[in-house]
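Q: Top line first, the protein sequences correspond to chains A and B. In this text, residue positions in the first sequence follow the numbering used here: the first is 1, and each later residue adds one. In this text, residue positions in the second sequence follow the numbering used here: the first is 10001, and each later residue adds one. Beta carbons are placed, not taken as given, at the ideal position from N, Cα and C, and that holds for glycine.
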Amino acid sequence: MILIRSIIRPFLLGSIIFFIFSFGNKVKAQDGKALFSQNCASCHAIDKKLTGPALKGVEDRWGGDRKKLHAWIHNSQAYLKTGDSYAVNLFNENNKIPMNAFPSLSDKDIDAILDYVKDWKPATTPAAATAGSGAPVQEGDNTLLFGILTLILAVIAFILLQVNSNLRKLSDSKEGVVSAEPIPFWKNRTYIAFVVIVLFLVGGYYTTKSAIGLGRNKDYQPIQPIYYSHKVHAGVNQINCLYCHGGAQDSKQASIPSLNVCMNCHAAINEYKGEKIYNEEGEEVNGTDQIKKLYEYAGFIPGKPWDPAKAKPIEWVKIHNLPDHVYFNHSQHIKAGKVQCQTCHGEITKMDEVKQFADLSMGWCINCHRTTQVQFKENGFYSIYEKYHEDLKNRKIDSAKGITVETIGGTECQKCHY
Amino acid sequence: MSDNKYWQSFGELNNSEAYQQASKDEFREELPFEADTKGFLQAITPRRDFLKYLGFSTAAAAVAASCEVPVRKAIPFTNKPEDIIPGVSDYYATTYVQDGDAVSVLAKVRDGRPIKIEGNNLSPVTSGGTSARVQASVLDLYDTARLRFPSINGKEATFDAIDKAITEELAALKKPVVFLTSTITSPSTKAIIGEVMAKYPGTKQVVYDAISYSGILLANKASYGKATIPSYRFDNAKIIVSLNADFLGTWLSPIEFAKQYAKGKKINEKKPEMTKHFHFESVASLTGSNADERYLHRPSEAGSVALGLFNGLNGQSVSISDATLKKQVEKVAKELLAHKGEALVVSGSNDVNVQIIVNAINELLQSNGKTIDWATTYNTRQGIDGDFATLVNDMNAGNIGALLIYGANPAYSWFNSKKFIDGLKKVETTVSFNPKADETTQLCKYSIPDHHYLESWGDTEAKTGYFSFLQPTIAPLFKTRQWQDSLLKWSGSTQDYLTYFKSYWSAKVGGENGWNKALQDGVVNPTATTTIATTAFNSTVVASAISAISSSKKGGKLELQLYEKVAIGAGQQASNPWLQELPDPVTRATWDNYVIVSPSLAKTLLNIDLSNDGQADAYEVQPAKKVVKVTVNGKSVSLPALIIPGTHPDTIGIALGYGCTDKMGKAVIGTGKNVFPFVDGSSTTVNYFVTDVTAELTDDLYKVALTQTHGSYDTKQGKRTEVMKELALVQFKEEPNEIRDDREKELKPFGGLENFEKEGTIYPYYDKPGIHWGMSVDLNTCTGCAACVVACHAENNVPVVGKPEVMRFHDMHWLRIDRYYSGDVSNPKVVFQPMMCQHCDNAPCENVCPVAATNHSSEGLNQMTYNRCIGTRYCANNCPYKVRRFNWADYTGADSFPDNQIGIVNDVVMDMNDDLTRMVLNPDVTVRSRGVIEKCSFCVQRLQEGKLKAKKESRPLEDSDIKTACQQACPTDAIVFGNVNSKHSAISITRAENPLRTFYSLEQLHVLPNVNYLAKVRNLDTEEKDEWLKGDKKEEKKIEAVEKSS
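1) Restricting to Cα atoms, I'd like to know which of L259/A, K318/A, L360/A and G287/A is closest to K310/A.
2) In whole angstroms, what is the alpha-carbon distance linking N10015/B and S10611/B?
3) For P136/A, is the classification buried or exposed, using 16 other Cβ atoms within 10 angstroms of its Cβ as the cut-off for buried?
4) What residue from A10062/B, L10170/B and I10216/B has the CA that sits closest to N10687/B's CA?
5) Near L10141/B, what residues of its chain come up, given a Cβ to Cβ distance below 6 angstroms and the 5 sequence neighbours on each side ignored?
6) Can K10463/B and S10231/B be called in contact, C-beta distance under 8 angstroms?
7) Look at the alpha carbon of K292/A and the alpha carbon of M351/A, and state the distance between them as a whole number of angstroms.
8) When you compare each of E378/A, G337/A, A400/A and K355/A to H369/A by their alpha carbons, which one comes out closest?
9) Among the candidates Y418/A, Y327/A, I223/A and N264/A, whose CA atom is the shortest distance from the CA of V10071/B?
10) Applying a beta-carbon distance threshold of less than 7 angstroms, which residues of chain A neighbour A10950/B?
11) Hey, N10887/B and R10930/B are a contact pair by Cβ (cut 8 angstroms); roughly how many whole angstroms apart?
12) Mind listing, in chain order, the continuous beta strand (DSSP E) runs of no fewer than 3 residues lying wholly within the segment 10503 to 10581 of chain B?
13) Just to check my reading of the structure: G10665/B and A10210/B have Cβ atoms closer than 8 angstroms, yes? What is that Cβ distance to the nearest angstrom?
14) At the level of alpha carbons, what is the spacing between R10928/B and E10934/B?
15) Spatial neighbours of N25/A within its chain, please: CB distance less than 8 angstroms, with the 5 preceding and 5 following residues excluded, ordered by chain position.
16) Locate the alpha helix (DSSP H) running through G204/A, then write down its first and last residues.
17) Mind checking whether E10564/B and T10651/B have CB atoms under 8 angstroms apart?
18) Give the residues from the segment 10852 to 10863 of chain B that approach chain A closer than 7 angstroms (Cβ to any Cβ), ordered along the chain.
19) Mind listing which residues of the segment 10915 to 10948 of chain B have their C-beta closer than 8 angstroms to chain A's C-betas, in chain order?
20) Going along chain D, which residues have a C-beta under 9 angstroms from A10062/B?
21) Which ranges does the alpha helix (DSSP H) cover as unbroken runs of at least 4 residues, wholly within the segment 10758 to 10839 of chain B, from first to last along the chain?
22) Which residue or residues does DSSP assign as beta-bridge partners of P10640/B?
23) Beta carbon of K10175/B, beta carbon of N10399/B: below 8 angstroms?
24) Residues of chain B with a CB under 9 angstroms from the CB of L259/A: which are they?
25) Taking only beta carbons into account, state which residues of the segment 384 to 413 of chain A come closer than 7 angstroms to chain B, listed in chain order.
26) How far does the beta strand (DSSP E) with D10090/B in it reach, from first residue to last?
27) Quick one, which residues of the segment 10884 to 10898 of chain B are near chain A if we go by CB-CB under 7 angstroms, in chain order?
28) Given a limit of 9 angstroms on CB to CB distance, which residues of the segment 10971 to 10986 of chain B reach chain A?
29) In chain order, what residues of the same chain lie with their CB nearer than 6 angstroms to the CB of N217/A, ignoring the 5 residues before and after it?
30) Report the residue from G10751/B, H10856/B, A10518/B and N10847/B whose alpha carbon sits nearest the alpha carbon of H10839/B.
31) Per DSSP, which one or two residues make a beta bridge with A10856/B?
32) I need the DSSP call for F381/A, collapsed to helix, strand or coil.
33) Can you find at least 3 beta carbon pairs, one from the segment 10888 to 10895 of chain B and one from the segment 10636 to 10648 of chain B, that sit closer than 8 angstroms?
34) State the beta-bridge partners of N11012/B as determined by DSSP.
35) Against chain B, with Cβ distances strictly below 8 angstroms, would I348/A count as a contact?
36) Out of K10370/B, A10074/B and L10957/B, which has the shortest C-alpha to C-alpha gap to T10531/B?
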C-alpha cells in the first residue's frame, strides 16, 4: 500500500504538471491571432502585401516545411546565410529589407501563428449594426417608486389630519364648545415647522452629496481629436495595453503613446475593415477616416517613408485627472502590485471612446487598499516583514484576508500625499 | 561635559528677561487677534459677522474651486526617444563651473528639466560631495535676469550680424586683442583660445579672479619655481594649522578639503584618535568655528604669526608684541614640531611674503611630499593681480584694441573699478560673454551671453589629470551661445564647439566608446593611483620675505578684514534667492552683509554692553541694528553692525560679494553693499584687509533678517542646554561612558535606557514591523557648511519668503543648522547642529492636531498631510524642536486667488513664482498653499521611490536605494539614513558602532526621536579643556545670580 502510494504521488504530481503544461500550450495556440497582431501585423497582412509579403499560403510556398520557417522567423538574417534559394529570392524581391528577428517566439508560438494564417478567411461584410437595440433594462431601482409611495402616503396623512380636525371642529360646535378661529394649514406653525425640517434634511442631504461630488468626474468622456476606439485595438485586435501605455510599468504616468508608436502599425494598416463603429450619438464613425486623421498629424503619406520630424503632436483630452496633492504611481500598481488595468479603468476592451470608469475619490482608493492583498510571498521585498510571515504561518492572520495593502501601511496619509 | 553651558544668543547666555519671554511663545510676533475688552458683541468682528463671513467664504471657495473643471490636455511626444520615459528622472553627469571652480555633479532631469544637482561619486576629487553654491546652481539656470539674446549696444541683434560685425572689427584692428577671463581650466577651450590667438597675432590672455590667489601663486613660483597650487592632503595630517584660510567654507577647494578633514575627525570609539586643528583668524569663519583651538589676531599680524611659527619651529624666539598671541604661537609651534611629516600649515593670505614663509614652515615640517602633493596641482586659480593691473594701465593708455571678456566682472570686483571702467571706454571693441547684464557687460558694446553650464558642452581640469565633463541637460532656454562657438566662428573654423570638443577628446579617451563612457561617467581620472610627490624648495627667497614681513605696516587702532561668505563668495551667484535666504553658518543672518564686531568692541563702538540685560535685549530682540559708517581712504560705507563672538576686539569684518547692480536679479536689490573698493591694492597683490579704518556710530538703524533666535525654545520640561552634548577628547579617553552614563542616570526612574520607550509613558507600545526609518548626524564631522539646507530647498520645493518675512520669523527652512556657543564670550567654542523634524515616535505635535493632519506612519514617519491641515498651528506650538513651518502667506502662488500675493510677498518671492523659475520645482512634491504647516518629511518621495525600486526588483531594501537630499549633499558624510530594523543597514551599524556618543536631542521628554546625534568630541588636552570649562563656570555663576535675584 505504502509502496503504491509512493508511486502514485509523483505520478499524480507529474500528470498534474503535464496537464497544466499542455493546457498552457493549448491556451497559447489559441492565441495565434493575438500573436499575429502583436508581432507580425505591423509588416504583414494575410491577403495583401505591406512592407512584407502577404502571408496567405506561406506554408505552401516554403514547401510545407515548418522547421525552415521557424528558423527564418527566429532570425531571418542568420537563415539567409544558409543560402536557401527561396529565402534569398524572397529577400531580394522585398527590396532587401531584412525581416525583424523574433528570438522570443517559441516554435509553438510560430506554429500558432501559422495555424491562424492557414485557417484565416476573409471577413464577410459585418452584419447590420446591432447598436441601439432596445432600451437598457431597468435595474430594479425602486427609489422612485418608494418616493411616490411616500408622497402618496404623506398626502393621505395630510388629508386625514384635515378630516380629523374638521370632524373635531364639527363635534365641538355640536357640543357647544367654542373653538378658536380655524387656521388654514399653510399658516399652521406645526405644518410649517414640519415642512421646513423635511426640506432642510432633504436639501441638506443632496447639497452635501453633490458638494462632495464637486470636482469628481466619473463617466467623463470628452470628445477626442481622433475617434480612437480602444475596443477595436485592445478588444478586437487584442493589443496588449502595455504596448502603447508602456509607461505604466516603468513610471508614475502610464503616458499616452507617442505618434511613432501609432505609426509602428499604422504605417501598414491604412484602412479599417472591422465591424462598424458607432459613437455616443449613434452615428457611424468611419474608421478609415480616423486613420487618415492620424496620418495628417503624423505628416505621413501612404507609400512613402515616414519622417517623424514632420509630425505634429495630437492634443488628447486628459480624462483621468487627480488633484495636485495626490501622488499616484502606475508602475507601483502594475509592476509591484500586479493589478490589472481594468480594475481601475473598467472594461476598456469594450469601450470605443474611453470614459472615466471610477470616480477616483479617496474613498475609492482606500477601499481597494483595504481589501487588496499585496504580493506578500511572491515579492522578495516583503521578506523584511518577518513578523507578518510568522503570523501568517501561525494562522494569527486570516489567510483569506491575507496581507493587504493596509496591513503594510498602505492607507497612511504619506503613501499618497507628499 | 554636563557642566557646559550652551547658548545661541546673548539673551540665552544671560538668561535675560526678553529671552525668557520670547522662548515661552512659539510665534514671536503678535498674533492677529484684536484685544477684546469691550465685550463680545462690540468686538470688531461679532459673532453674527463671523458666521456671515464663514458662510460666504465657504460658499465662495466651493464655487470658485469647483464650478468649472478645467479641460486638461495630454500631449505625447511625436517621436519619443527610446531612453526617455515621461515621469522617470534621468541623471546626467556634468560639471558645475563657476569661474575656476569645477565640481563633478549629476543633474537630475525630469521630463526635460534639470531640477536637482547631486554630487558625482565617480570623481575622486569631491567623491560625491557638494556645496551650498553647487546645490543652488540649478536655480541660476531658470534665473529671470539672464540675458535672453545677443545685443549690440544694448539692442537685440542676430548672431550672424554680431559675428559679421565683430570679425570685421577684429580684422581691421591695429592694436592687440586681449582675452580677459576668469580662470579657465578647460583644455579644449584653451586650445580654441590658442587658435584665435594664432589668427589674430599679438593676442594675449589675462586671467582675472574675483578673489585673488596671486599671493600663493607667486610665492610658489619663488619657492618652487611653479606658479601653481599643490594638492593639500588634510587627511594625512595629524596637526592642521590654518592661518586665516577658510578651507572648509570658501578657500580653494572646500568640498574636497571638507571630505579630507572629516576623515581625520571621524572617531573610532574603541580607539579614540583624531586630528587637531589650530586656527588663527581675525573674524569668525566657518573653518575657525570648527577648529579645536581658535586664536585671534589682528589682520596686520598675519605676517608676524606666520613668522612667529617659522621662528618657533627653528628654535628661535617668537617676536610678537601681544603676549597671549605669542604664547599661542609658541604652543602651536611646539605641537607642530612634535608631528613632523604629519602636519600641514595653510594660509589664506594673499601676501606673497606670508605665503613664502608658510612654504618654508611646511618644508621645516617635512610636509612636502606627505601632506602636500606636488604631483597634482590646482588649475582653479591662475589670476595674477600684476598682470591685470598692467592690462588696466594699457587700456587707459589706449593700447588695447579689443577686449573679449568671459566670466570676469572687474567693474564690480576690482578695487579700483573706476580706473577699469575708464580704460574700458578707450577700448574699441568690447565683447562680453557674461550670462547677465553685470557691471562690466553693461559697458561692453557686444553682449553674447554664454549658456548656463547645464546647457553647455565642455570639459574642465580642476586638478592636473582629473578631467570632468559637461553635457547639456536641457536645450538652451534663450538665444544664447556657448562662447567657444563664438570663438571658433571668429577664428575662421567651420566646426562648431561640439564637433571640436568631441574630436579633441575622442582621440584621447579611445574613440567613440571611450568618449561615450567619459560623458556618461562625467569624469576621466588618472589611470594609475598617483603617488604624492615632492618638489625642490628654493630657500633663498625666505630671508627677503622675513625682512619684508618684519618691516610691514603696523596696524592702526581698528582694522578691517574683508571675507567671503560660504553662500555668497565673491557674489557670482548673489542673485540666487536660495543662497541669499540661506542663513550664514556663522552669523545666522540672511539677505545682507554687515559689519561684524566683537562683544568688547560693541561696548565702545555701539554702546552695547552685552552683560547688561537691557542693552543686550535691545540689541537682540529687534531686527533693527545700529548702523556703523566705515571709512577707508576717504571711501565710506554704512552698514548695520552685528556682534559676533570669536572676532578680534580690534577688528571688524565685512563680507564681499554684495551690492552688485540691480540688473543681476531681483534678489540682489537692496541687499547689502559692495566693499570691493576697500580691498587694499597698494602692493603687488591685493590684500583683503585694511590696517587702519575708522568706524563711527551713526544714528541710523537698519533691519537685518537674523534667524539665530528663531528656533529657541525653553520650557520647564526641556532646557535648551540639554539639546547639545559635547566632550573634550581627554575626557572621552578618561571616561568614555560619560554621555551614556548621564543618559542612563537621567532615564533611570523611567526604566533606564533599555526600557525607556515602554516604561516612560502611559501610551501603548506599538510594533515596528518591516521598515523603521532613522537618521544619524555626526556632529564631529558636520562642518556646518549648509549644503544640506540648500539641497533640502531644491528637493522639497521649500519656498523662498524674502527678507521682510524672515524678519518676521517666517523663514521656511525645513532643515536649519543651529549654532551653539560655549565657553568664553570673546572667543567661544562653536558647535553646529543640523536640526530638522526628529520624526518622534511619540510625537507631541500629533496628538494636538484637531483634524489629524499630522500623524504617525507605521514606518516611523511623522506625516504631514497638507490638504487636511487647517492651520491651527497647535502642532508647531507643541513641537519641542521648533521645526514646523507655517505658510503665513501664499509664497508659492498655489492659491486660486492671485490677490493673495500682490502687496503681501515681495518681489523676490514673486520672481520665484515666475513660470520660468517654477520649472525648478520637483513634480513629486506638493507645492504648499497658504495656511498649512509643513516640515521635513525625511524626503518621503525618495523613500517611496526607493521602496518601489526594490519591489520592482523583488528584493529587500538596500541602503543604496535611498538617500535623503541632505545626506546626498553632505560633503563629509555626516548624515546617515536608513532602515533601523535591518541589522545590516548603515544606520544600524553607525548606531551600534558609536554607542558612547549617541544621544537624542531632548531625550528625557520621551518624544522618542528617530534622529540621533553623535556627540562632538573636541580635540583638547587637559589644560585647554579646563580653560574651556572655566569660561563656562563663569557664565553659570552669573546665571545662578540672575536666577536668585529674580
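A: According to the structure data:
1) Working through the first sequence from its first residue, we reach residue 310/A at position 310. Closest option to K310/A, Cα to Cα, is L259/A.
2) For the purposes of this step, residue 10015/B is identified with residue 15 of the second sequence, where counting begins at 1. For the purposes of this step, residue 10611/B is identified with residue 611 of the second sequence, where counting begins at 1. So the two alpha carbons sit approximately 10 angstroms from each other.
3) By 1-based counting over the first sequence, the position of residue 136/A is 136. Note that P136/A scores 42 on pLDDT, short of 50, meaning its location in the model is unreliable; the coordinates nonetheless yield the value given after this. The residue is exposed, with fewer than 16 neighbouring Cβ atoms inside 10 Å.
4) As a position in the second sequence, residue 10687/B is number 687, starting the count at 1. Ranking the options by Cα distance to N10687/B, first place goes to I10216/B.
5) Locating residue 10141/B in the second sequence gives position 141, where the first residue counts as 1. Cβ neighbours of L10141/B beyond the five flanking positions: H10452 and L10454.
6) Position 463 of the second sequence, counted from the start, is the residue given in the question as residue 10463/B. Position 231 of the second sequence, counted from the start, is the residue given in the question as residue 10231/B. Against a cut-off of 8 angstroms, the Cβ pair of S10231/B and K10463/B comes out as a contact.
7) In the first sequence, the residue the question calls residue 292/A occupies position 292. In the first sequence, the residue the question calls residue 351/A occupies position 351. So the two alpha carbons sit approximately 21 angstroms from each other.
8) Position 369 of the first sequence, counted from the first residue, corresponds to residue 369/A. Residue G337/A is the option with its Cα nearest to H369/A.
9) Within the second sequence, the letter at position 71 stands for residue 10071/B. Here the closest residue by C-alpha is I223/A.
10) Taking the first residue of the second sequence as 1, we reach residue 10950/B at position 950. Within chain A, the residues near A10950/B are F381.
11) Here residue 10887/B corresponds to residue number 887 of the second sequence, with the count starting at 1. Here residue 10930/B corresponds to residue number 930 of the second sequence, with the count starting at 1. With 8 angstroms as the limit, N10887/B and R10930/B qualify as a contact, their Cβ atoms being about 5 angstroms apart.
12) 10559 to 10563
13) What you label residue 10665/B is simply residue 665 of the second sequence in a count that begins at 1. What you label residue 10210/B is simply residue 210 of the second sequence in a count that begins at 1. With a Cβ gap of about 17 angstroms, G10665/B and A10210/B do not count as contacting.
14) Translated into the one-based positions of the second sequence, residue 10928/B becomes position 928. Translated into the one-based positions of the second sequence, residue 10934/B becomes position 934. Distance between the alpha carbons of R10928/B and E10934/B is about 8 angstroms.
15) Translated into positions along the first sequence, residue 25/A becomes position 25. At N25/A the pLDDT is 43, less than 50, meaning the model places this residue with poor confidence; the figure from the coordinates comes in the next sentence. Closer than 8 angstroms at Cβ, skipping near neighbours: K108.
16) Position 204 of the first sequence, counted from the start, is the residue given in the question as residue 204/A. First-last of the alpha helix (DSSP H) with G204/A: R189 to G213.
17) The sequence position of residue 10564/B within the second sequence is 564, counting from 1. The sequence position of residue 10651/B within the second sequence is 651, counting from 1. Against a cut-off of 8 angstroms, the Cβ pair of T10651/B and E10564/B comes out as no contact.
18) N10855, S10857, S10858, E10859, L10861 and Q10863
19) D10924, V10925, T10926, V10927, S10937, V10940, Q10941, Q10944, K10947 and L10948
20) Absent from the structure is chain D; the protein chains it does hold are A and B.
21) 10787 to 10795 and 10803 to 10807
22) Stepping through the second sequence from its first residue, residue 10640/B is reached at position 640. P10640/B pairs with V10627/B.
23) To locate residue 10175/B, count along the second sequence from 1; it is residue 175. To locate residue 10399/B, count along the second sequence from 1; it is residue 399. A contact, by the Cβ cut-off of 8 angstroms.
24) As a working mapping, residue 259/A is identified with position 259 in the first sequence. Near L259/A (Cβ distances below 9 angstroms), the residues of chain B are P10076, F10077, T10078, N10079 and K10080.
25) I384, Y385, K387, Y388, I408, G409, E412 and C413
26) Within the second sequence, the letter at position 90 stands for residue 10090/B. From DSSP, the beta strand (DSSP E) with D10090/B extends over D10090 to Q10098.
27) none
28) N10979, N10981 and S10982
29) On the first sequence, residue 217/A is found 217 positions in, with the first residue counted as 1. Counting only Cβ-Cβ distances below 6 angstroms, and skipping sequence neighbours, we find Q356.
30) In the second sequence, the residue the question calls residue 10839/B occupies position 839. When each option's Cα is compared against that of H10839/B, the closest is H10856/B.
31) Working through the second sequence from its first residue, we reach residue 10856/B at position 856. It should be noted that the sequence gives His, not Ala, for residue 10856/B. Bridge partners of H10856/B: N10862/B.
32) Along the first sequence, one-based indexing puts residue 381/A at 381. The answer is helix: DSSP assigns F381/A an H, G or I state.
33) no
34) Position 1012 of the second sequence, counted from the first residue, corresponds to residue 11012/B. The partner list for N11012/B (beta bridge, DSSP) reads S10776/B.
35) Translated into positions along the first sequence, residue 348/A becomes position 348. It does not; no Cβ of chain B falls within 8 angstroms.
36) By 1-based counting over the second sequence, the position of residue 10531/B is 531. Selected option, being the one with the closest Cα: K10370/B.
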